[in-house]
Every structure is written in C-alpha cells, then in structure tokens.
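**Q**
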Amino acid sequence: MIGLGSYGYTAPSSKKINAYDVPQGVDIRGRFDEEFAKILTKDALQFVADLQREFRNHIKYAMECRKEAKRRYNEGALPGFDPATRYIREGKWTCVPFPPAVADRRVEITGPVERKMIINALNSGAKVFMADFEDALSPSWENLMRGQINLKDAVEGTITFNDKARNRVYKLNNEIAKLFVRPRGWHLPEAHIFIDGEPATGCLVDFGLYFYHNYATFRNTQGQGFGPFFYLPKMENSREAKIWNSVFEKAEKMAGIEKGSIRATVLIETLPAVFQMDEILYELRDHSVGLNCGRWDYIFSYVKTFQGHPDRLLPDRGQVGMTQHFMRSYSDLLIRTCHRRGVHAMGGMAAQIPIRDDPTANEAAFELVRKDKQREVKAGHDGTWAAHPGLIKTCMEVFTNNMGNTPNQIETVKRDYASNLTEDDLLQRPRGVRTMEGLRLNTRVGIQYLAAWLTGSGSVPLYNLMEDAATAEISRVQIWQWLKYGVELDGDGLGVRVNHVFGRVVEEEMARIEREVGKEKFKKGMYKEACKIFTRQCTASTLDDFLTLDAYNYIVIHHPKDVSSKL
C-alpha cells in the first residue's frame, strides 16, 4: 500500500500495455480492463463529463444547504413544511401520466448489480427489479464497472451466469421484471474518475454510463417507448429533485428522445424530505412515477436530524416499526400525496430471507411479512419491496387478494384524512425502551456489515435478514446517540448506562462474531478494521453524516497511469 492520499491508496506500479481513451479533462484512476473499456468509451465519458461540468456547482450548493439545515437542527430547530412553497402543496396539479409499462408495480425486488442477482431478480416473478448502485452495493471499482457491464447485458437480453459450483447456467426467462436502476446519492464521490482535477459525482457516473449505453435498447424493449427508469435516493429538499430533473432533460436532449421519456421514483428516506413530498413531485412532474417509503433510512435520518436533541432518543431499533405514530403518519401522507398527484405510492422493504433449516422460524418470519404487506395494501400503497426472491410469491398473494386485477390504487384510495396530519404527527417521539440486547445487536450487525462492505459485499444476510447500508447506519447512529447522552438501558432491569459498558460489549460481540463465522473467516475478513471504524464513529464527538463516506477511503485503489495513457 503506497501513495496514501485523500482517497484510498495507489497500487504498486506494473508494466501496462493499455489505457482508457478519455476526453480532455477526464482522468481514469481505476484499474484498466478491456471489458471495462467497452463501458468507459470516449463518448460515454464525454457525456458524464458534460453532466459533471454543468451540474457540479448546483450539487455543491445543495450540499451546502444540507449543512446549513443541519446547523439549524443542531441549534434546536425542527424540520417542517416550507411556507414559501405552500402554493405548490395546495395547488391542483398532477404529474404526467405514468407509462403503461409500469402501471402495475405491486411487488418489486431489490438487490445489487451483481450478475447472478440480476438474473434471479428479473426472473423472480416480481413486477419490477431495482438494480442498486447505492446501499446494496460496496462501490469498489470492480463492482461498479462489472455492474455496468451486467446491466448492459441484461437490457440487451444476453446476460448469463455460469455457476460452476452448482454446475448450473443462469439465463433470463421469457417474462422478466421491469428494470429500474438506483444510482448513488448526491453526497457520494467517484474517486476512481477525476474530471477537471476533482472526483466525479458518483450518481452522475452511475446514471451517465448506464443511460448512454442502454437508453435506445431499453426504450425499444422493456420501456415500450419510455425509459430508462430510475430510483433516486437520499434527497432532503426539492432543490435536489430539480437538479435531477435538469439532468434528465439534458440526457433526453443528448439522446434526441422526447421530454418525459426518463421516469423516476424518489425514495422518501430522510426526515426533511417528508415535508417536501409535493415539492419534489412538482419539480419532477414531467419525469415522476411516484414516491417510495424508504423506511430504514428514514429511521436513520430521524436520529441524524435530531442528533442535537436529547429529548428525542430512539428505543431499540426493533421497536421502531410502522405502527409508531410518526412512521404511520409518514406512510399515510406519502400515499395521499402520490395519489393526489396521479403517481404510485410504494411501500417499504421486507428484509426477511427464507430460513431453510428451521420450518417453524421460517413460517413465523413469513407471517410477519404477510402482516406487514397486508397493512401496506390496506393503507393504499400500490406496491411493496422485497429483498429476496423467496418472498415474492407471498407478497404478490397479499396484494393481489386485496387489489384483484386492478394494476394500482391511485384512483381508488385517496387517504384524504391525511391532509390533516401536522408537523407534530410527523415528528412525534417514538415510544419504547432500550435494552442490552438492543445495544449488542446494533454492535454486532454494524461491525459485520461493515466488514462485508470493506471486502466487496453491500448486501449481507445477517440473522435471517438481508442487511444493507441503511440498517448499519441505524446501528451506528443509535449507539452514537445513546453514548452522547449517557442513555440508561431501561428495558431489561439492568439500569446501566451505555457509556459504562460499550467497550466491554464491543469486545464480547467481536468474540461472538469470531465464534459464529469461524476463526479462519474471521482471520481473513476485515472484522478488526471494521470494528475500529465502527467504534470510532460511534464514539466521535460529532456525528459523521454517512458511515460509507469514511469507509469509502478503504476501498479506493488508484492505479498508476501508463505513459501511453491518452489524456
């Protein structure tokens, strides 16, 4: 490991015979690969560079606005509805009609842009597959570039995977799910690609490369004249949606396709965004196909937003479900807002995975899924998310039993009473207790997820749930909050303060992880490094905005340029 800089490290030099052909001002610092070069073409990189140059100052301003909002919240302010945009919330407008190809979205499956996952998800029987460059992916150079290759093959219908261990070849069925792609959030850099001397914006790389290579084929096949389709994460304000709308318009103009061809669903997964749902849809009204309840990140955002408020401490994360008043209010207002504006209101994630060696536990897990999906469809959601192909049939049955052949509930369920929901409803303190087991689970899950992420996996099965970055973030910020305010574990009769036991808990949970995964895997994995990062973030005097921003430096590898590189 040499040349440690602001991002990652520089790999030892070796004789190179090839280099990427790049436009002026673009510098590729990731490893050269002939397959990657088919994605990183000069014209595709020029498109990404054009996006970066046009929008980088808008993005920087939006990130500064986030910092200013955080400062206000830390000084005691509360998020709320913006009086300046009341005319948008009260106006009688709708988004453009949704494309026929995505009228029915009753069950969607999500997962990383890995080759086998893409095939299994598209074949799963779900209506939509959201292929993820964000929370379910560790954004190493290899993962990102192979993900782009995989998606191009999937759009072209040629994707296959030869599983030698199982002696099986995977390929697409005749009928497959509609493909949506989720790029990274605005805050994440792409440190393997520099444009004009600074790292590119991660989401513009993800979006730009995918759109450039796939828009024509996608529109002729899956999109039925529309598309491509996207999910947009981590927004906090409609100004961020406005940037995305401008990106879409620029892409449509470059491609020579009709305005409104690109469609996107926005995840409402930050607390500030719940007060901006009408405004977000308004900015994207020519490109929107709805909003989604990103409930795990939403809980993470609740803690992060109120990090300076000792009166808003969360109970154990397992107690913060959709029956909590602030969570139910968020869901009801999202449904009302979407249906009033003529777009889909998507429900949240079922993170359970089949428990093959314990039929009783498996049935109990599936019953939890049924109840959750029953609640969603009765509330008026038009569809829901699942993390595993094994859940699709169960979720589909619940929604179909309630919706019949109707593709969605946009016209039939209006949730008008949600117009009476107040800021207090959306901010109500969650009820519950804090326990030693909750502290232990947060510690164990956070460290194990981060260890997997550092070694290339962003979607990790832990304790019969499929965990991604959102659940690791909840674990981290909850422990940080409990430590900062000297919380007492009041739910199991112990009455001890977290500050007095956290160090011992980390040691004991590391020992438990080693027992569970085995000494060999523990030794080869990055558990000790993950433990250091996780505990450092939990005990920091100020809360880092994102766990993955700090950890990203550990997976960036810069390769020395060959002298023949065309710059």
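Take 64 as the starting number for the sequence shown in the numbering used here and just add one per residue.
Glycine residues also receive a C-beta, built at the ideal position from the N, C-alpha and C atoms.
Which of the three DSSP states, helix, strand or coil, is assigned to Ile182?
**A** Helix at Ile182.
**Q** What are the complete beta strand (DSSP E) segments, minimum 3 residues, inside the segment 479-555?
**A** Within the segment 479-555, the complete beta strand (DSSP E) runs of at least 3 residues are 523-525, 528-530.
**Q** Quick check on the DSSP output: the alpha helix (DSSP H) that includes Lys123 runs from which residue to which?
**A** Note, Lys123: alpha helix (DSSP H), 105-137.
**Q** Do Asp395 and Arg478 count as a contact pair if the criterion is CB distance below 8 Å?
**A** Going by C-beta atoms, Arg478 is nearer than 8 Å to Asp395.
**Q** Taking the alpha-carbon positions, what's the Ala336 to Asp167 distance?
**A** Each residue's Cα considered, the two are about 25 Å apart.
**Q** Could you have a look at Arg348 and say whether DSSP puts it in helix, strand or coil?
**A** Of the three classes helix, strand and coil, the one that applies to Arg348 here is coil, per DSSP.
**Q** Looking at Val631: is its Cβ nearer than 8 Å to the Cβ of Ile398?
**A** The structure shown does not extend to residue 631, since the chain is modelled only from 64 to 630, so the question has no answer here.
**Q** Okay, do the segment 254-262 and the segment 609-624 touch, 3+ Cβ pairs below 8 Å being the bar?
**A** Short answer: they touch.
**Q** Pull up the distance between the alpha-carbon of Phe196 and that of Gly558, whole angstroms please.
**A** Approximately 42 Å between the Cα atoms of the pair.
**Q** Among Ala574, Gln544, Val561, which residue has its Cα nearest to the Cα of Gln600?
**A** Per the Cα distances, Gln544.
**Q** When DSSP labels each residue in this structure, what does Gln437 get in the three-state scheme?
**A** Looking at Gln437 - three-state DSSP - the assignment turns out to be helix.
**Q** Give every residue of the same chain whose Cβ lies closer than 7 Å to the Cβ of Leu593, excluding the five residues on either side of it in the sequence, and list them in chain order.
**A** According to the sequence as given, residue 593 is Ala; it is not Leu. So the list reads Ile510, Leu513, Ala514, Leu517, once near-sequence residues are dropped.
**Q** Do you know how far the Cα of Pro470 is from the Cα of Leu330?
**A** Between Leu330 and Pro470, the C-alpha separation is close to 21 Å.
**Q** Does the segment 299-319 touch the segment 342-358, meaning 3 or more C-beta pairs lie closer than 8 Å?
**A** Touching, per the Cβ criterion.
**Q** Just reading off the alpha helix (DSSP H) that Arg245 is part of, what are its end residues?
**A** Run containing Arg245: none in the alpha helix (DSSP H); it sits in the beta strand (DSSP E), 241-245.
**Q** With distances taken from CA atoms, which of Phe281, Pro291, Ala240 is nearest Glu219?
**A** Answer by Cα proximity: Phe281.
**Q** Below 8 Å between beta carbons: does that hold for Pro142 and Thr368?
**A** It is a contact, given that the beta carbons lie within the stated cut-off.
**Q** Would you kindly work out how many angstroms separate the C-alpha atoms of Arg247 and Thr173, rounded to a whole number?
**A** Going from the Cα of Arg247 to the Cα of Thr173 covers about 14 Å.
**Q** Please list the terminal residues of the continuous beta strand (DSSP E) segment that includes Pro175.
**A** Run containing Pro175: 170-175, per the beta strand (DSSP E) assignment.
**Q** Touch check for the segment 122-132 and the segment 150-157: three-plus C-beta pairs under 8 Å?
**A** Segments in contact, no.
**Q** Between which residues of its own chain and Ser627 is the CB-CB distance below 7 Å, once the five residues before and five after are set aside?
**A** Because Ser627 carries a pLDDT of 34, less than 50, the predicted location of this residue cannot be relied on, and no value is offered for it.
**Q** How far does the alpha helix (DSSP H) with Leu610 in it extend, from its first residue to its last?
**A** Segment 610-615, the alpha helix (DSSP H) holding Leu610.
**Q** If I follow the unbroken beta strand (DSSP E) through Ile258, where does it start and stop?
**A** Here the beta strand (DSSP E) through Ile258 covers 252-258.
**Q** Whole angstroms is fine: what's the gap from Leu114's alpha carbon to Phe274's?
**A** Their Cα atoms are separated by approximately 12 Å.
**Q** Output needed for Thr498: all residues of its chain with C-beta closer than 7 Å, excluding positions within five of it in sequence on either side, in chain order.
**A** The residues are Asp379, Leu552, Gly554, Asp555.
**Q** Going by other Cβ atoms of all chains shown within 10 Å of its Cβ, with 16 needed for buried, is Lys190 buried or exposed?
**A** Buried, because 16 or more other Cβ atoms sit within 10 Å of the Cβ of Lys190.
**Q** Drop a sphere of 10 angstroms on the beta-carbon of Lys316, count the other beta-carbons inside from all chains shown, and report buried for 16 or more, exposed for fewer.
**A** Exposed, since its Cβ has fewer than 16 Cβ neighbours within 10 Å.
**Q** Let me make sure I understand the geometry here. Which of Lys155, Ala304, Cys158, Leu200 has the alpha-carbon closest to that of His121?
**A** Out of Lys155, Ala304, Cys158, Leu200, Ala304 has the C-alpha closest to the C-alpha of His121.
**Q** Tell me whether the beta-carbon of Leu272 lies closer than 8 Å to the beta-carbon of Ala107.
**A** Cβ distance < 8 Å, so Leu272 and Ala107 count as in contact.
**Q** Taking its Cβ as the centre, do 16 or more other Cβ atoms sit within 10 Å of Lys297, making it buried, or is it exposed?
**A** By the 10 Å Cβ count, Lys297 comes out buried.
**Q** Which partner residues does Val383 have in the DSSP bridge list?
**A** Val383 is not bridged to any residue.
**Q** List the endpoints of the continuous alpha helix (DSSP H) containing Val569.
**A** Counting along the chain, the alpha helix (DSSP H) containing Val569 begins and ends at 561-580.
**Q** How about Gly446 and Val170: are their beta carbons less than 8 Å apart?
**A** In this structure, Val170 lies closer than 8 Å to Gly446 by Cβ.
**Q** I'd like the span of the beta strand (DSSP E) that includes Asn206, first residue to last.
**A** It is not in any beta strand (DSSP E) - Asn206 instead sits in the alpha helix (DSSP H) that spans 204-219.
**Q** Can you find the residues in the same chain that come closer than 7 Å, C-beta to C-beta, to Asn483, ignoring five residues on each side of it along the sequence?
**A** If we look at Asn483 and ignore the five residues flanking it on each side, it has no Cβ neighbours.
**Q** List the endpoints of the continuous beta strand (DSSP E) containing Asp195.
**A** Residues 191-195.
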